[in-house]
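Visitor: All residue numbers for the sequence shown refer to the numbering used here, where the first residue is 1 and numbers rise by one. Just dropping this structure here.
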Amino acid sequence: MKKIAVIFGGCSSEYAVSLQSAYAVLKNRNGTHWEAVMVGISREGRWYLYEGVPERIPEDTWEAGDKCYPLTLCLDRDRHGFLVCRGTDGWRRKKTDPEKETGVSLELLPVDAALPILHGRNGEDGTVQGALELAGIPVIGCKTLASALCMDKELAHRVAASAGVRVPSSVVFSKEERTAGMARARELGYPLFIKPLRAGSSFGITKVMEPSALEAAVQRALEYDDLVTAEEMIPGFEVGCAILEEKGKLVTGEVDEIELSEGFFDYEEKYHLKTSRIHVPARVDKETAGRIKRTAKAIYRALGLSGFARVDLFLTPQGQIYFNEVNTIPGFTEHSRFPGMMRAAGIGFSEMIDRLTV
Ligand SMILES: Nc1ncnc2c1ncn2[C@@H]1O[C@H](COP(=O)(O)OP(=O)(O)O)[C@@H](O)[C@H]1O
Ligand SMILES: [Mg+2]
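Okay, structure coming up:
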């Protein structure tokens with residue numbers, strides 16, 4: 001039976017979301033053709049082999065028990081796996097007899113592939129993918145370059161634009177360039193969106209309605225990244241398209257739609273849907289749904305994605321489609337958009353996980 005490392009947690013502001021996504025993947029998988037090796041990364045970035053019950057993952061108590069062993073990637077490409085330290089002291093040398101005990105014993109844990117279920121920085125951004133590729137471990141999902149590209153909202157826009165897709169006008173600037181950057185941002189008009197260039201789950205994003213609110217919004221975005229992007233607001237509503245790649249063929253889910261009653265799709269709305277609703281399928285005609293799917297596939301190809309991804313777009317009242325962003329590792333909880341779109345197209349959660357992991 002294949003062994004697949006399901007990697008969860010991560011040194012990211014989206015650590016908690018990853019725990020929920022990974023748990024759903026572990027609970028819903030069929031379990032007949034692969035065995036899950038649970039690899040947890042703490043908020044601080046410590047890697048562990050986790051051998052406890054999956055239920056402790058979403059509760060965030062997985063690291064506290066005695067079922068956690070320090071682990072690291074084995075960079076020897078022929079071994080394609082991890083090195084685990086099962087000694088009670090972890091990486092530390094045994095204190096009982098410091099003269100004799102000078103090392104730790106490491107056990108090799110080979111795997112056939114890795115499925116990173118990590119969101120945001122240090123996980124969805126190509127860093128973990130690069131490390132896995134270097135270690136000779138096949139990655140399920142997007143590879144290093146595409147993951148890194150999609151993490152950078154501006155670069156992803158540029159590549160999509162070069163493939164003929166409409167993107168919002170934007171201005172990127174650093175902390176040092178903020179005065180000039182804000183002046184250029186004002187030219188975009190209001191409302192405008194101020195975002196950290198590389199983050200997720202709407203962290204650090206503000207919809208700026210008037211000039212007096214701009215500075216505080218920039219300050220907030222700078223708490224999440226040292227680069228900020230200012231984007232013109234695209235009117236209309238948000239639509240998404242889930243894509244699953246099988247032997248090079250792209251399978252799309254039903255297009256979904258976010259109905260907002262106020263503000264924007266911020267953290268509260270994403271995870272608690274307080275005032276917004278998600279419609280699957282989207283309330284659009286067949287022709288429009290078809291155009292959205294074709295645009296999403298064109299973006300998928302232009303950005304060099306692989307395995308799976310959720311492409312987020314805006315649909316204007318005039319029927320124009322704009323690219324917003326790609327989530328290379330979208331939320332995978334049972335209530336998340338990617339599984340919802342696949343389910344609406346007749347592919348249930350377990351089947352979706354099965355199809356990802358064959
Ligand atoms: N240019 C824009 N026009 C209209 N709404 C936007 C724009 N950019 C972002 N938003 C709103 O903000 C939300 C979060 O922005 P997004 O770029 O998707 O960041 P994240 O990676 O955190 O999800 C979107 O889902 C949407 O509701
Ligand atoms: Mg988004």
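For glycine and all other residues, C-beta sits at the position ideal for the given N, C-alpha and C.
Excluding the 5 residues flanking Glu259 on each side, which residues of the same chain have their C-beta closer than 8 angstroms to its C-beta?
Guide: The residue given as residue 259 occupies position 259 in the sequence shown. Only Phe237, Ser276, Arg277, Ile278 and His279 meet the Cβ criterion.
Visitor: For Ala230, which of Leu71, Thr206 and Ala298 has the nearest alpha-carbon?
Guide: The sequence position of residue 230 within the sequence shown is 230, counting from 1. With distances taken between Cα atoms, Ala230 lies closest to Thr206.
Visitor: Can you check DSSP and say which residues form a bridge with Val159?
Guide: Stepping through the sequence shown from its first residue, residue 159 is reached at position 159. DSSP, once it has assigned bridges, lists no residue as partnering Val159.
Visitor: Just to confirm my understanding: we take Arg343, look at its own chain, exclude 5 residues before and 5 after, and list those with CB closer than 6 angstroms. What are they?
Guide: Taking the first residue of the sequence shown as 1, we reach residue 343 at position 343. Excluding positions up to five away in sequence, the list is empty.
Visitor: Should the region 29-38 be regarded as contacting the region 140-155, the criterion being three or more beta carbon pairs within less than 8 angstroms?
Guide: No, the region 29-38 is not in contact with the region 140-155.
Visitor: For Asp285, which beta-bridge partners are listed by DSSP?
Guide: Within the sequence shown, numbered from 1, the residue matching residue 285 stands at position 285. Per DSSP, none; premise fails for Asp285.
Visitor: I need the DSSP call for His272, collapsed to helix, strand or coil.
Guide: Taking the first residue of the sequence shown as position 1, residue 272 is located at position 272. Helix, per DSSP.
Visitor: For ligand 2, which residues count as neighbours when the test is a C-beta closer than 6 angstroms to any heavy atom?
Guide: The answer, residue by residue, is Asp312 and Glu325.
Visitor: Using 8 angstroms as the threshold, is the region 209-216 in touch with the region 263-273, meaning 3 or more CB pairs across them?
Guide: The region 209-216 vs the region 263-273: no contact.
Visitor: Comparing C-alpha positions only, which one of Glu334, Ala131 and Gly120 sits nearest to Cys74?
Guide: Stepping through the sequence shown from its first residue, residue 74 is reached at position 74. Minimum Cα distance to Cys74 is reached at Ala131.
Visitor: From which residue to which residue does the beta strand (DSSP E) around Thr127 run?
Guide: To locate residue 127, count along the sequence shown from 1; it is residue 127. It is not in any beta strand (DSSP E) - Thr127 instead sits in the alpha helix (DSSP H) that spans Thr127 to Leu134.
Visitor: Taking the beta carbon of Thr179 as the centre, do at least 16 other beta carbons fall within 10 Å, making it buried, or is it exposed?
Guide: Translated into the one-based positions of the sequence shown, residue 179 becomes position 179. Counting Cβ neighbours within 10 Å, Thr179 comes out exposed, since fewer than 16 surround it.
Visitor: Find out if the Cβ-Cβ distance for the pair Ala24, Phe8 is shorter than 8 angstroms.
Guide: As a position in the sequence shown, residue 24 is number 24, starting the count at 1. As a position in the sequence shown, residue 8 is number 8, starting the count at 1. Result no, Cβ atoms of Ala24 and Phe8 do not sit closer than 8 angstroms.
Visitor: Taking the alpha carbon of Arg77 as the reference point, which residue from Ala135, Asp125 and Asn30 has its own alpha carbon closest?
Guide: Here residue 77 refers to the residue found at position 77 when the sequence shown is read from its first residue. Taking only the C-alpha atoms, the option nearest Arg77 is Ala135.
Visitor: Could you spell out where the alpha helix (DSSP H) holding Val171 opens and where it closes?
Guide: Here residue 171 is taken as the residue at index 171 of the sequence shown, counted from 1. No alpha helix (DSSP H) holds Val171; the beta strand (DSSP E) holding it covers Ser170 to Ser174.
Visitor: So does the region 180-191 actually touch the region 158-165, counting three or more Cβ pairs closer than 8 angstroms?
Guide: The region 180-191 is not in contact with the region 158-165.
Visitor: Indicate whether Glu232 and Ser169 have their beta-carbon atoms separated by less than 8 angstroms.
Guide: Sequence index remark: in the sequence shown, residue 232 carries index 232 (1-based). Sequence index remark: in the sequence shown, residue 169 carries index 169 (1-based). Contact flag set, yes.
Visitor: According to DSSP, simplified to helix, strand and coil, what is Asn324?
Guide: Numbered from its first residue, the sequence shown carries residue 324 at position 324. Strand at Asn324.
Visitor: Here's the rule: buried if 16 or more other CB atoms are within 10 angstroms of the residue's CB, otherwise exposed. What is Arg198?
Guide: Your numbering for residue 198 matches position 198 in the sequence shown. Classification of Arg198: buried, given that the 10 Å Cβ count is 16 or more.
Visitor: Can you find the residues in the same chain that come closer than 6 angstroms, C-beta to C-beta, to Lys297, ignoring five residues on each side of it along the sequence?
Guide: Along the sequence shown, read from residue 1 onward, the residue named residue 297 stands at position 297. The answer, listed in chain order, is Leu250.
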